[in-house]
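In what follows, a single structure is set out as structure tokens and then discussed.
Residue numbers (UniProt numbering): 1 to 475.
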């Protein structure tokens with residue numbers, strides 16, 4: 001028994017080292033895949049070794065052991081098969097909602113562990129029970145909040161739900177849930193039979209608050225929400241790892257929680273919001289003025305004309321947005337880019353931190369097409385280059401290139417750092433129509449003198465551009 005205890009403990013230490021090494025690998029696109037694989041092996045290893053704990057169960061549990069092991073194996077097989085299939089077949093446009101859903105499942109798993117610990121009525125120290133309840137609260141919020149985020153990203157919930165006095169209502173729900181959590185701890189310590197009822201009401205309140213917290217948030221802010229709930233999931237897992245005395249869960253949860261916290265802060269900074277604003281305000285709302293009608297006349301050109309201009313330019317910066325993912329046009333875009341490079345054009349990609357529907361969405365999209373990492377630049381590294389660039393090509397992006405963020409104090413995105421596409425000598429915008437972006441904010445860039453619109457689906461437009469370059473040749 002002692003040997004098994006040592007093996008389980010050492011496995012947690014080894015798995016934690018693999019988690020941390022894998023996370024370090026994810027800090028660079030060059031080593032990201034290797035990092036993910038390494039962390040995955042760490043998780044697989046600690047899951048396999050955890051089955052050794054079956055040999056240490058108390059005698060009263062032994063009669064149920066075969067059934068419990070069978071259910072665990074069945075859950076692993078079904079989960080691995082389903083997620084493996086979905087991971088390989090999910091389209092890039094659905095990747096954000098899949099990530100949101102998986103975030104929620106992690107929080108839900110942590111909450112389930114807490115539920116078992118609390119409903120078994122085994123008591124414990126105040127610290128132990130307090131940590132269990134805290135982890136349950138965070139896990140429940142992550143679960144239901146992530147489900148709402150998934151529904152918004154998947155188009156199943158098209159509008160935020162807001163009503164008068166909503167913040168006060170949410171505050172009452174949260175305080176009531178905390179009170180139920182405190183009563184759960186107190187009754188557990190005293191061995192009261194009512195502890196089970198308080199625990200059930202506490203979980204119901206925590207799940208409900210996750211819904212209340214997320215439904216008023218606008219869809220344009222889902223990248224920050226996904227990052228925030230990733231943090232919550234990590235914290236919940238770490239706390240429940242403490243409850244289970246499992247070092248692998250504690251370290252993995254702390255690593256995910258701290259990384260998610262840093263990412264959330266960076267995302268909030270990229271949108272010019274404080275973390276308190278993200279957590280406690282109905283961000284994502286737009287003013288009527290900002291979401292109003294056109295502010296001028298859009299000039300449109302044919303794809304062939306835009307392609308010809310870029311073919312004879314010295315430098316081009318491409319800004320991808322969610323429209324590129326919707327059109328699944330990343331492969332065609334890179335084909336177009338390679339033809340420009342063959343003609344001697346200097347081509348770079350500019351990525352805004354909140355472009356797309358999740359953190360790193362555009363990086364993943366370009367990596368899928370095989371775009372070299374040294375062609376992809378973050379906003380801070382490339383923004384000064386727009387002023388000396390011949391052409392900026394915007395594909396399906398809106399808010400991240402909106403000059404209103406610099407000049408219009410009435411705009412809800414005022415103060416948000418943007419890509420300086422408007423400073424290029426010529427701007428081409430590939431867009432399906434004349435509507436506003438995901439946040440509903442009109443973009444004056446589309447009416448600027450140096451901007452021309454190329455209307456149409458990105459896949460079709462880029463295909464015509466490629467054909468134009470083939471006709472022009474590389475000389």
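Glycine is no exception: its CB is placed at the ideal position from the N, C-alpha and C atoms.
Can you round the beta-carbon distance between residue 431 and residue 396 to whole angstroms, since I take them to be within the 8 Å contact cut?
Working through the chain shown from its first residue, we reach residue 431 at position 431. Working through the chain shown from its first residue, we reach residue 396 at position 396. Here residue 431 really is in contact with residue 396; their C-beta atoms are around 7 Å apart, less than 8 Å.
Leaving out five residues before and five after residue 187 in sequence, what residues of the same chain have Cβ atoms less than 6 Å from its Cβ?
The residue you call residue 187 lines up with position 187 of the chain shown. If we look at residue 187 and ignore the five residues flanking it on each side, its Cβ neighbours are 194, 195, 198.
Please report how far the alpha carbon of residue 328 lies from the alpha carbon of residue 92, in whole angstroms.
Indexing the chain shown from 1 puts residue 328 at position 328. Indexing the chain shown from 1 puts residue 92 at position 92. Rounded to the nearest whole angstrom, the CA to CA distance from residue 328 to residue 92 is 8 Å.
With a CB to CB cut of under 6 Å and the five nearest residues on each side skipped, what residues in its chain are close to residue 299?
In the chain shown, counting from the first residue as 1, residue 299 sits at position 299. If we look at residue 299 and ignore the five residues flanking it on each side, its Cβ neighbours are 452.
Residue 302: which of 124, 296, 428 sits nearest, CA to CA?
Your numbering for residue 302 matches position 302 in the chain shown. Checked all of 124, 296, 428; the closest Cα to residue 302 is 428.
If contacts are defined as beta-carbon pairs under 8 Å, then residue 261 and residue 224 qualify, I think. What distance do you get, rounded to the angstrom?
Within the chain shown, the letter at position 261 stands for residue 261. Within the chain shown, the letter at position 224 stands for residue 224. About 12 Å; that fails the 8 Å criterion.
Residue 472 to residue 313, Cα distance in whole Å?
Walking along the chain shown from the start, residue 472 turns up at place 472. Walking along the chain shown from the start, residue 313 turns up at place 313. Going by the C-alpha atoms only, they are around 14 Å apart.
Which class does residue 31 belong to by DSSP, given the choice of helix, strand or coil?
Reading the chain shown from its first residue, position 31 is the one you call residue 31. DSSP places residue 31 in coil when its eight states are reduced to three.
Measuring only the C-alpha atoms, how far is residue 90 from residue 250?
Translated into the one-based positions of the chain shown, residue 90 becomes position 90. Translated into the one-based positions of the chain shown, residue 250 becomes position 250. Taking C-alpha positions only, residue 90 is separated from residue 250 by approximately 31 Å.
Cβ-based neighbour list, residue 145, same chain, cut-off 7 Å, excluding 5 preceding and 5 following
As a working mapping, residue 145 is identified with position 145 in the chain shown. Closer than 7 Å at the Cβ level, and outside the excluded window around residue 145, lie 210, 213, 214, 229.
Answer yes if the stretch 135-152 comes into contact with the stretch 104-111, meaning at least three C-beta pairs across the two stretches below 8 Å, and no otherwise.
Contact holds: three or more Cβ-Cβ distances are below 8 Å.
Identify whether residue 385 lies in helix, strand or coil by the three-state DSSP scheme.
Here residue 385 refers to the residue found at position 385 when the chain shown is read from its first residue. The answer is helix: DSSP assigns residue 385 an H, G or I state.
Quick check on residue 288: does DSSP put it in helix, strand or coil?
Counted from its first residue, the chain shown places residue 288 at position 288. Because the pLDDT at residue 288 is just 41, under 50, the model does not fix this residue reliably, and the point stays unresolved.
Report the residue from 398, 454, 149, 457 whose alpha carbon sits nearest the alpha carbon of residue 443.
In the chain shown, counting from the first residue as 1, residue 443 sits at position 443. Of the candidates 398, 454, 149, 457, the residue whose Cα lies closest to the Cα of residue 443 is 398.
Quick check on this structure: which residue in 245, 50, 364 has the alpha carbon closest to the alpha carbon of residue 69?
Walking along the chain shown from the start, residue 69 turns up at place 69. Proximity to residue 69 across 245, 50, 364 peaks at 50, based on C-alpha coordinates.
Could you work out which residue in 416, 126, 368 is closest to residue 402 when comparing CA atoms only?
The sequence position of residue 402 within the chain shown is 402, counting from 1. Taking the Cα of residue 402 as reference, the smallest distance to any Cα among 416, 126, 368 is reached at 416.
Just verifying my parser: in three-state terms, what is the DSSP assignment at residue 377?
Counting from 1 along the chain shown, the entry for residue 377 is found at position 377. Strand at residue 377.
Suppose the cutoff is 7 Å on Cβ atoms and the five residues either side in sequence are ignored; what does the same chain contact list for residue 30 look like?
One-based indexing of the chain shown puts residue 30 at position 30. In chain order, 373 place their CB closer than 7 Å to the CB of residue 30, counting only its own chain and leaving out the 5 sequence neighbours on each side.
Does the separation of the CB atoms of residue 379 and residue 349 fall below 7 Å?
Here residue 379 corresponds to residue number 379 of the chain shown, with the count starting at 1. Here residue 349 corresponds to residue number 349 of the chain shown, with the count starting at 1. Using a Cβ distance threshold of 7 Å, residue 379 and residue 349 do not count as a contacting pair.
Under three-state DSSP, which class holds residue 125?
Indexing the chain shown from 1 puts residue 125 at position 125. Note: residue 125 maps to coil in three-state DSSP.
CA-CA distance, residue 236 and residue 206?
Along the chain shown, read from residue 1 onward, the residue named residue 236 stands at position 236. Along the chain shown, read from residue 1 onward, the residue named residue 206 stands at position 206. Their backbone Cα atoms lie some 13 Å apart in a straight line.
According to DSSP, is residue 399 helix, strand or coil?
As a first step, residue 399 must be located in the chain shown, where it is residue number 399. Looking at residue 399 - three-state DSSP - the assignment turns out to be helix.
Determine, using beta-carbon pairs with one atom in the stretch 315-324 and one in the stretch 349-365, whether at least three such pairs fall under 8 Å.
Touching, yes, given that three or more Cβ pairs across the two stretches are closer than 8 Å.
8 Å CB neighbourhood of residue 17 in its chain, flanking five on each side removed
Translated into positions along the chain shown, residue 17 becomes position 17. Exclusion of the five residues before and after residue 17 leaves 42 as the residues of its chain whose Cβ lies within less than 8 Å of its Cβ.
Measure the CB-CB distance between residue 317 and residue 387 and report whether it falls below 7 Å.
Indexing the chain shown from 1 puts residue 317 at position 317. Indexing the chain shown from 1 puts residue 387 at position 387. No, the pair does not count as a contact, with Cβ atoms beyond the cut-off.
State the CB to CB distance for the pair residue 390 and residue 423, rounded to an integer number of angstroms; the pair is presumed to be in contact (CB under 8 Å).
Translated into the one-based positions of the chain shown, residue 390 becomes position 390. Translated into the one-based positions of the chain shown, residue 423 becomes position 423. About 12 Å; that fails the 8 Å criterion.
Using DSSP with H/G/I as helix, E/B as strand and the rest coil, what is residue 372?
Mapped onto the chain shown, residue 372 falls at position 372. Of the three classes helix, strand and coil, the one that applies to residue 372 here is coil, per DSSP.
Residue 338, enclosing alpha helix (DSSP H) - first and last residue
Sequence index remark: in the chain shown, residue 338 carries index 338 (1-based). Element bounds for residue 338: 330-342.
Does residue 413 pass the burial test, meaning 16 or more other C-beta atoms within 10 Å, or should it be called exposed?
As a first step, residue 413 is located in the chain shown; it is residue number 413 there, counting from the start. Under this definition residue 413 is a buried residue.
Going by CA-CA distance only, name the one from 46, 74, 381 that's closest to residue 10.
Residue numbering aside, residue 10 sits at position 10 when the chain shown is read from its first letter. With distances taken between CA atoms, residue 10 lies nearest to 46 out of 46, 74, 381.
Can you tell me which of 83, 24, 311, 407 puts its alpha carbon nearest to the alpha carbon of residue 99?
Taking the chain shown and counting its residues from 1, the one referred to as residue 99 is at position 99. Residue 83 is the option with its Cα nearest to residue 99.
Would you decide whether residue 469 is buried or exposed? Buried here means 16 or more other CB atoms lie within 10 Å of its CB.
What you label residue 469 is simply residue 469 of the chain shown in a count that begins at 1. Answer is buried; the Cβ neighbour count reaches 16.
Hey, residue 135 and residue 13: beta-carbon distance below 7 Å or not?
Taking the chain shown and counting its residues from 1, one reaches residue 135 at position 135. Taking the chain shown and counting its residues from 1, one reaches residue 13 at position 13. Not in contact: residue 135 and residue 13 (Cβ atoms no closer than 7 Å).
Own chain residues within Cβ distance below 6 Å of residue 371, not counting five before or after:
As a first step, residue 371 is located in the chain shown; it is residue number 371 there, counting from the start. Closer than 6 Å at the Cβ level, and outside the excluded window around residue 371, lie 334.
Just to confirm before moving on: does the CB-CB distance between residue 332 and residue 463 stay below 7 Å?
If you number the chain shown from 1, residue 332 lands on position 332. If you number the chain shown from 1, residue 463 lands on position 463. Between residue 332 and residue 463, the C-beta gap is smaller than 7 Å, which places the two residues in contact.
Comparing C-alpha positions only, which one of 441, 115, 101 sits nearest to residue 87?
Residue 87 sits at position 87 when you count from the first residue of the chain shown. It is 101 whose Cα lies nearest to the Cα of residue 87.
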